[in-house]
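Numbering (my numbering), first residue to last: 12 to 314.
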Amino acid sequence: MTASVGRVAAHSDTDWARTDGGAIVMDGNRLRDTLIDRLRQKVEAAGSPEVCLATVLVGEDKPSQVYVRAKQKKAAEAGLASRHVGIDGSATQAEIEEIVRDLVADRGVHGILVQLPLPEGFDAERVLELIPPAKDVDGLTERSMGRLVRDLPGHAPCTPLGVMRLLEHYGVATAGKTAVVVGRSTLVGLPQVLLLGRKGTDATVTLAHSRTSELAAVTGRADILVAAAGVAGMITAEHVKPGAAVLDVGISRTADGIVGDVDFDSVQAVAGAITPMPGGTGPMTIACLMENTWAAAAMLGVR
Ligand code: GUN
């Protein structure tokens, strides 16, 4: 170990970091960089075809602006092109739909990401449904979700896919293991259940949520626990089976800043592996967006 950052010891070149309670730190920043680097090598090996991610942002929400800029920066690092369309919050629903239709028709655009949430008053569903599965690199449309359910080719949503990449990278066994996902959002919880349970991954998955009774008893059986409820600090040591892999997807803005669903300090003493917050699942979302964009180019016959 080379240094200590809070309760997480930083990586040496040869060793995975552990918390002072002994849990392996599933480092999303580090894995994102590795995956982006690998993708860049693939892009270069393919002769650097022009593969373009279009981002669409409606309104002036500052955190959304930061997310979108980060996506463009990482696209450039991966050797992908990006194009940004900023739309004034005073635009009409029809104008936004027209812009997305143009991106759908544009053969120079391979992936389309409409940053969510849209400002109050817009119907996101009507915008998303314009995006065909091949260009839906966010994996969020009704058709993409249907394809995931039916195990047809398409894009899985980036955040749950990022969780799967962390599990793979850190050697967390899934076949025959018990996984519990807390939270049933279409963005994370529901697709996470599908990804963990599908053939080849083979976890036995339970979906828990705000109405689950005896939550600690349910989560306490999990070998893999994905917290995606958006309730700050709700998962404490008493919810966690000793040795479990705990992945925190929750984001809440509180007076203490941005916090996850997992009470890191107590859980790290019990878990076998844990994602930090920040620097865990968040960066993986961006890495998987780039993977999906590259895959979109193949689906569209570009490479
Ligand atoms: N807003 C927060 N996370 C996401 C995401 O993964 N995709 C989109 N489109 N919007 C988001």
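Ideal Cβ placement from N, Cα and C applies to all residues, glycine included.
Is the shortest distance between the beta-carbon of residue i and the beta-carbons of chain D less than 7 Å?
| i | result |
| --- | --- |
| Cys299 | Absent from the structure is chain D; it holds one protein chain and no more. |
Let's see if you can read the secondary structure: which residues bound the alpha helix (DSSP H) around residue i?
| i | result |
| --- | --- |
| Leu258 | Premise fails: Leu258 lies in the beta strand (DSSP E), Ala256 to Asp259, not in any alpha helix (DSSP H). |
| Ile47 | Gly39 to Ala56 |
| Thr170 | Cys169 to His180 |
| Ala64 | At residue 64 the sequence reads Leu, which differs from the Ala that was named. Where Leu64 is concerned, there is no enclosing alpha helix (DSSP H), although the beta strand (DSSP E) it sits in stretches over Cys63 to Val69. |
| Ala81 | Lys73 to Glu88 |
| Ala116 | Gln104 to Ala116 |
| Gly208 | Gly200 to Gly208 |
| Arg94 | Premise fails: Arg94 lies in the beta strand (DSSP E), Ala92 to Ile98, not in any alpha helix (DSSP H). |
| Arg137 | Ala135 to Leu139 |
Please name the residue, chosen from the options, that lies closest to residue i on a Cα-to-Cα basis.
| i | options | result |
| --- | --- | --- |
| Arg209 | Leu198, Ala167, Ala92 and Gly194 | Ala167 |
| Leu50 | Ser75, Leu91, Val36 and Ala186 | Leu91 |
| Ile107 | Leu139, Asp31, Ala81 and Lys82 | Leu139 |
| Asp31 | Val313, Val281, Leu226 and His220 | Val281 |
| Thr45 | Lys85, Asp134, Arg161 and Ser155 | Lys85 |
| Val148 | Asp113, Glu225, Val120 and Ala256 | Val120 |
| Glu71 | Leu64, Ile246 and Val79 | Val79 |
| Val237 | Leu218, Leu127, Glu55 and Gly254 | Leu218 |
| Asp162 | Leu178, Leu177, Arg195 and Thr212 | Thr212 |
| Gly100 | Arg94, Met156, Lys73 and Asp113 | Lys73 |
| Ala227 | Val191, Gly283 and Leu258 | Val191 |
| Ala34 | Gly122, Phe275, Arg314 and Ala308 | Phe275 |
| Val183 | Thr286, Val54 and Gly312 | Thr286 |
| Leu205 | Met288, Ala239 and Leu159 | Leu159 |
| Thr292 | Leu311, Gly244 and Leu172 | Leu172 |
| Arg222 | Gln203, Glu249, Val199 and Val193 | Val193 |
| Pro253 | Asp117, Ser93 and Arg232 | Arg232 |
| Pro130 | Thr152, Glu153, Arg118 and Ala102 | Ala102 |
| Pro202 | Gly187, Ala239 and Ser224 | Ala239 |
| Ala89 | Ala298, Thr265, Ala308 and Thr189 | Ala298 |
| Gly241 | Thr265, Glu302 and Ala256 | Thr265 |
| Asn303 | Phe133, Gly150, Val77 and Glu61 | Gly150 |
| Thr189 | Ala57, Val273 and Ile235 | Ile235 |
| Arg29 | Asp267, Ala308, Ala256 and Ser224 | Ala256 |
| Gln104 | Gly165, Ile262 and Asp134 | Asp134 |
| Thr10 | Ala57, Pro60, Gln76 and Gly58 | Here the chain has residues from 12 to 314 only, and residue 10 is not among them. |
| Asp38 | Glu225, Tyr181 and Asp117 | Tyr181 |
Over what stretch of residues does the beta strand (DSSP E) that includes residue i continue unbroken?
| i | result |
| --- | --- |
| Arg28 | The identity of residue 28 in the sequence shown is Ala, whereas the question assumes Arg. Where Ala28 is concerned, there is no enclosing beta strand (DSSP E), given that its DSSP letter is neither H nor E. |
| Ser221 | Per DSSP, Ser221 belongs to no beta strand (DSSP E) and is neither H nor E. |
| Ile123 | Gly122 to Val125 |
| Val191 | Thr189 to Val193 |
| Arg232 | That residue, Arg232, is in no beta strand (DSSP E); it is neither H nor E in DSSP. |
| Arg161 | First-last for Arg161: Glu153 to Arg161, but that is the alpha helix (DSSP H), not the beta strand (DSSP E). |
| Arg264 | Ser263 to Thr265 |
Below 8 Å on the Cβ atoms is my guess for residue i versus residue j; work out the distance and round it to an integer in Å.
| i | j | result |
| --- | --- | --- |
| Leu64 | Ile98 | That pair is no contact at about 17 Å. |
| Leu207 | Thr185 | 7 Å |
| Ala177 | Met295 | A quick correction: the sequence has Leu, not Ala, at residue 177. That belief holds up - the Cβ atoms of Leu177 and Met295 are roughly 6 Å apart, short of 8 Å. |
| Ala248 | Val278 | 6 Å |
| Ile142 | Ile123 | 5 Å |
| Ala145 | Met310 | 4 Å |
| Leu258 | Val174 | 5 Å |
| Thr152 | Val199 | Contact doesn't hold; Cβ gap of about 15 Å is too wide. |
| Gly261 | Gly268 | No, Gly261 and Gly268 are not in contact; Cβ-Cβ is about 14 Å, not under 8 Å. |
| Ala308 | Pro60 | 7 Å |
Taking 6 Å as the cut-off, is the CB of residue i close to at least one heavy atom of the ligand GTP?
| i | result |
| --- | --- |
| Thr286 | Absence of the ligand GTP from the depicted structure is noted, with the ligand GUN being the only ligands included. |
Q) Can you list, in chain order, every residue whose CB sits closer than 6 Å to a heavy atom of the ligand GUN? A) Leu124, Val125, Gln126, Leu127, Asp149, Cys169, Thr170 and Thr296
Q: Only counting runs of 3 or more residues, tell me where the beta strand (DSSP E) segments fall wholly within the segment 267–295, in order along the chain.
A: 268–270
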